[in-house]
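A.B. asks:
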Amino acid sequence: MRVRGLIALVGGCVGAVPAARAQATIDTVIVVSRNVFDPPGRTPRFVARLGNALHITTHPGVVRRLLLLDAGARIDSAGLVESERALREVGVFRSVRFDTLRVGDRLALRVETSDGWSTSPQLNFSSAAGSTTWSAALVEQNFLGTATFVSVAYGRNPDRRSFDVQFASPGLFVRHAPLLIAYSDLSDGRLASWTYGVPFYRADARWSLVTGGEAARHRVLAFTGGALTDSAERRVLTLSVRGGFALQATTRGYLRLWGGAALRREDFRPYTTTGVAYSSFGTVGVGIEAARVRYGVFEHLNGFGRREDVDLSSALRLGVWAAPRAWGYPGARAGIGPELEGQFAAQWRAGFALLRAQTHGVLTPAGADSGLVRASLDLVSTRLARQAWLLHLEGGALRRPKFAEAFDPWLTHNGPRGFGAHAFTGTRLVYVVLEDRVLVSDDLFGVLGVGAAPYVEYGGAWYAGLEPARLGGDVGVAVRLGSPRSVRGDVAEIAVSYRFGDGFSGGPWALSFRRSYTLK
6 MRVRGLIALV GGCVGAVPAA RAQATIDTVI VVSRNVFDPP GRTPRFVARL GNALHITTHP
66 GVVRRLLLLD AGARIDSAGL VESERALREV GVFRSVRFDT LRVGDRLALR VETSDGWSTS
126 PQLNFSSAAG STTWSAALVE QNFLGTATFV SVAYGRNPDR RSFDVQFASP GLFVRHAPLL
186 IAYSDLSDGR LASWTYGVPF YRADARWSLV TGGEAARHRV LAFTGGALTD SAERRVLTLS
246 VRGGFALQAT TRGYLRLWGG AALRREDFRP YTTTGVAYSS FGTVGVGIEA ARVRYGVFEH
306 LNGFGRREDV DLSSALRLGV WAAPRAWGYP GARAGIGPEL EGQFAAQWRA GFALLRAQTH
366 GVLTPAGADS GLVRASLDLV STRLARQAWL LHLEGGALRR PKFAEAFDPW LTHNGPRGFG
426 AHAFTGTRLV YVVLEDRVLV SDDLFGVLGV GAAPYVEYGG AWYAGLEPAR LGGDVGVAVR
486 LGSPRSVRGD VAEIAVSYRF GDGFSGGPWA LSFRRSYTLK
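According to my numbering, the residues represented by the sequence shown are 6 to 525, in order.
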């Protein structure tokens, strides 16, 4: 009875979703691709001409392959909105606009895209409390106008140096089947990973099938109280496959069954150990996922001069993974791994609230062996003109994680920004920030967006049972810089902070450079 009731509850998430009503059939699709500075707007004429000459406009044929709608497809308003959003998510356009034209009884879909600036020699620099990270990269996010991402980078941080190569295509071999390949040559190891397949690329997609893998041999570091306390070599080789099919799917919601399997050989050993066989593991999982799809479109929330999509869907994902002793797991750690993930949102005229939560773990005959619980709440208000107020609250707990797999806000940007590398690490995480993002200029000289963001934040991470809670905070102001002509609209910030609490030494003032937090 409990299982039936649970399925009924999950199905209820989409049971009230009305079926999409087909309004018309597309007779033809017209694609208009515009260059970065077309029209030039307030950009100086010389800069606009040079920029357009150096950039290859996305080919109309590429745009057609990325579209969710073709000639002969039946459309409604929800389908048009989803298709427009899907093009923005590709990450090569600064603006996308759909329109329909009717000539007699024939319907044409007009798609107009404006490219973002995609070629960037990058020099990234981040510093907080004396911990410096820098990298130099050559990044092309729209290689030869094909929406293909290519990146070569070299960088250093307080832990290691790295040489990284990435390649990503939204549909190199099969339409709507992204391919991602990444390789990193580290000063203390090597990592390679890949994924390929057809995901649920739209709300009303009927099936998905994605494969992936990882091969790595590198050093992992464990920090306590801001200091390096242990290290080990991680050796891993994984192969995975996941997929599913939809029991119900429209542009407004879906109910899906999913499944997956993975083979993994992984060990954490002293860095000098050689000639020891891998430990091999196998897992298989199944589950159900339901959602009522809804997106909010905002301006001046994360970046400058563009429409931004925020996922405000209500969604629930349930699953269970089998980790049996027969597939390599030690008897004391073999068991069943349940997982639960969901998000719920409320939207009003000038803002929204977004609650996200997830938990997973392994249950053995002796009880809970390992697991994760994490939740966050975002409250956003855009009621005041040219401002966006953000309140973010987050908390998490880990039980018996893998070696060095602890919360580290310095790596994930969910901790006070004025603190140095690994200032907070552990199995417990708490973070809260209140920030007011004020727009100064959306299009300075046609190429630059400028803003300011006063903030106050507090939080940290610590090892439960081994040390008292380590918490610190800061109050300050950040200068936000970005470009309305860029591809993704990423924003860099320069922040001056006054620190208090645990996690730092020296004076209370700190200067930090980093990428701004993005809410999606």
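A virtual CB, placed ideally from N, CA and C, is assigned to each residue, including glycine. For clarity, every value in this text was computed on a predicted model and none was experimentally measured.
Just mark V108 as buried or exposed, buried being the case when its beta carbon has 16 or more other beta carbons within 10 Å.
C.D. replies: It counts as exposed.
A.B. asks: DSSP three-state call for Y97: helix, strand or coil?
C.D. replies: It should be noted that the sequence gives Val, not Tyr, for residue 97. Note: V97 maps to coil in three-state DSSP.
A.B. asks: To the nearest whole angstrom, what separates the beta carbons of L100 and R311, a pair I think is in contact under 8 angstroms?
C.D. replies: Inspection of the sequence shows that residue 100 is occupied by Ser rather than by Leu. Yes, S100 and R311 are in contact; Cβ-Cβ is about 7 angstroms, under 8 angstroms.
A.B. asks: Which of the three DSSP states, helix, strand or coil, is assigned to S245?
C.D. replies: S245: strand per DSSP, three-state reduction.
A.B. asks: I'd like to know whether the C-beta atoms of G477 and F509 end up nearer to each other than 8 angstroms.
C.D. replies: Yes; because the gap between Cβ atoms is below 8 angstroms, this pair is in contact.
A.B. asks: Alpha carbons only, please: which of I293, G287, L226, T118 is nearest the one belonging to P329?
C.D. replies: The residue with the shortest Cα to Cα distance from P329 is G287.
A.B. asks: Give me the DSSP bridge partner(s) of Y463.
C.D. replies: Bridge partners of Y463: V437, G478.
A.B. asks: Alpha carbon to alpha carbon, what distance is there between D507 and G431?
C.D. replies: For G431 and D507, the distance between alpha carbons rounds to 14 angstroms.
A.B. asks: Would you please state the rounded distance, in angstroms, between the beta carbons of D479 and E462? I believe it to be under 8 angstroms.
C.D. replies: Their Cβ separation, rounded to whole angstroms, is 6 angstroms, which keeps D479 and E462 in contact under 8 angstroms.
A.B. asks: Give the DSSP-derived three-state secondary structure of P343 in the structure shown.
C.D. replies: The answer is strand: DSSP assigns P343 an E or B state.
A.B. asks: For a test of the three-state rule: what should DSSP assign to S88, helix, strand or coil?
C.D. replies: Of the three classes helix, strand and coil, the one that applies to S88 here is helix, per DSSP.
A.B. asks: Which first and last residues belong to the beta strand (DSSP E) in which T387 is found?
C.D. replies: Looking at the DSSP string, T387 is not in any beta strand (DSSP E), and its letter there is neither H nor E.
A.B. asks: For S491, which residues of its own chain have a beta-carbon under 6 angstroms away from its beta-carbon, when the five flanking residues on both sides are left out?
C.D. replies: For S491, where only same-chain residues beyond five positions count, the Cβ hits under 6 angstroms are G121, W122.
A.B. asks: Compare the beta carbon distance of Y436 and G456 with 8 angstroms and say whether it is the shorter of the two.
C.D. replies: Contact flag unset, no.
A.B. asks: With burial defined as no fewer than 16 other Cβ atoms inside 10 Å of the residue's Cβ, what is the status of R26: buried or exposed?
C.D. replies: Caution is warranted here: a pLDDT of 40 is assigned to R26, below 50, making its placement in the model unreliable, and the coordinate value is therefore given only provisionally. By the 10 Å Cβ count, R26 comes out exposed.
A.B. asks: Within its chain, find whatever has a CB closer than 6 angstroms to the CB of S167; leave out the 5 residues flanking it on each side and keep chain order.
C.D. replies: The answer, listed in chain order, is G160, S189, L191.
A.B. asks: Grab me the residues of V289's own chain with a C-beta within less than 6 angstroms of its C-beta, minus the 5 sequence neighbours each way, in chain order.
C.D. replies: Excluding residues within five positions, the ones whose Cβ falls inside 6 angstroms are A266, A327.
A.B. asks: Anyone know if the C-beta pair for S80 and I35 falls short of 8 angstroms?
C.D. replies: Position check: residue 80 holds Ile in this sequence, whereas Ser was assumed. The answer is no: Cβ separation not under 8 angstroms.
A.B. asks: Would you call the segment 249 to 264 and the segment 222 to 235 in contact, with 3 or more CB pairs under 8 angstroms?
C.D. replies: No contact exists between the segment 249 to 264 and the segment 222 to 235.
A.B. asks: Can you tell me whether DSSP reads S189 as helix, strand or coil?
C.D. replies: S189 falls in the strand class under three-state DSSP.
A.B. asks: What does a CB cutoff of less than 6 angstroms around R7 pick up in its chain, not counting 5 residues either side in sequence?
C.D. replies: Any answer about R7 is weak, because its pLDDT of 40 lies below 50 and its placement is not dependable; what the coordinates show is given next. For R7, where only same-chain residues beyond five positions count, there are no Cβ hits under 6 angstroms.
A.B. asks: Look up A350 in the DSSP assignment and give the residues it is bridged to.
C.D. replies: Answer is L359.
A.B. asks: Using C-beta distances below 8 angstroms, list every residue in its chain close to R180, excluding the 5 sequence neighbours before and after it, in chain order.
C.D. replies: Closer than 8 angstroms at the Cβ level, and outside the excluded window around R180, lie R70.
A.B. asks: Would you call the CB atoms of V41 and G150 closer than 8 angstroms?
C.D. replies: Not a contact, by the Cβ cut-off of 8 angstroms.
A.B. asks: Give a yes or no on whether the C-beta atoms belonging to L73 and S88 are separated by under 8 angstroms.
C.D. replies: Yes, they are a contact pair.
A.B. asks: With H, G and I counted as helix, E and B as strand and the rest as coil, what does DSSP make of T48?
C.D. replies: If DSSP states are grouped into helix, strand and coil, T48 belongs with coil.
A.B. asks: Classify D75: buried if its beta carbon has 16 or more other beta carbons within 10 angstroms, exposed otherwise.
C.D. replies: With fewer than 16 other Cβ atoms within 10 Å, it is exposed.
A.B. asks: Exposed or buried, what is P49 when buried is set at 16 or more other beta-carbons lying within 10 Å of its beta-carbon?
C.D. replies: Per the 10 Å Cβ criterion, exposed.
A.B. asks: Between T118 and L85, which are expected to be in contact by the criterion C-beta below 8 angstroms, what is the C-beta distance as a whole number of angstroms?
C.D. replies: Rounded, the Cβ-Cβ distance is 15 angstroms, inconsistent with contact.
A.B. asks: How about A350 and S319: are their beta carbons less than 8 angstroms apart?
C.D. replies: Going by C-beta atoms, A350 is nearer than 8 angstroms to S319.
A.B. asks: Can you tell me which of the three DSSP states A24 falls into?
C.D. replies: Residue confidence for A24 is low, a pLDDT of 40 falling below 50, so the modelled location carries little weight and cannot support an answer.
A.B. asks: Could you name the residues of the same chain whose beta carbon sits closer than 8 angstroms to that of V445, not counting the 5 residues immediately before and after it, in chain order?
C.D. replies: The answer, listed in chain order, is V455, G456, A457.
A.B. asks: Should V157 be labelled buried (16 or more other beta-carbon atoms within 10 Å of its own) or exposed?
C.D. replies: Answer is exposed; the Cβ neighbour count stays below 16.
A.B. asks: By a C-beta neighbour count over all protein chains shown, 10 Å radius and 16 as the cutoff for buried, is T417 buried or exposed?
C.D. replies: Exposed, by the Cβ-count rule.
A.B. asks: Assuming V37 and R115 are in contact, meaning their beta carbons sit under 8 angstroms apart, how far apart are those beta carbons, in whole angstroms?
C.D. replies: Yes, they are in contact, since the Cβ atoms of V37 and R115 sit about 7 angstroms apart, within 8 angstroms.
A.B. asks: If distances are taken between C-alpha atoms only, which option among A402, G401, H427, R404 comes closest to D413?
C.D. replies: Closest by alpha carbon: H427.
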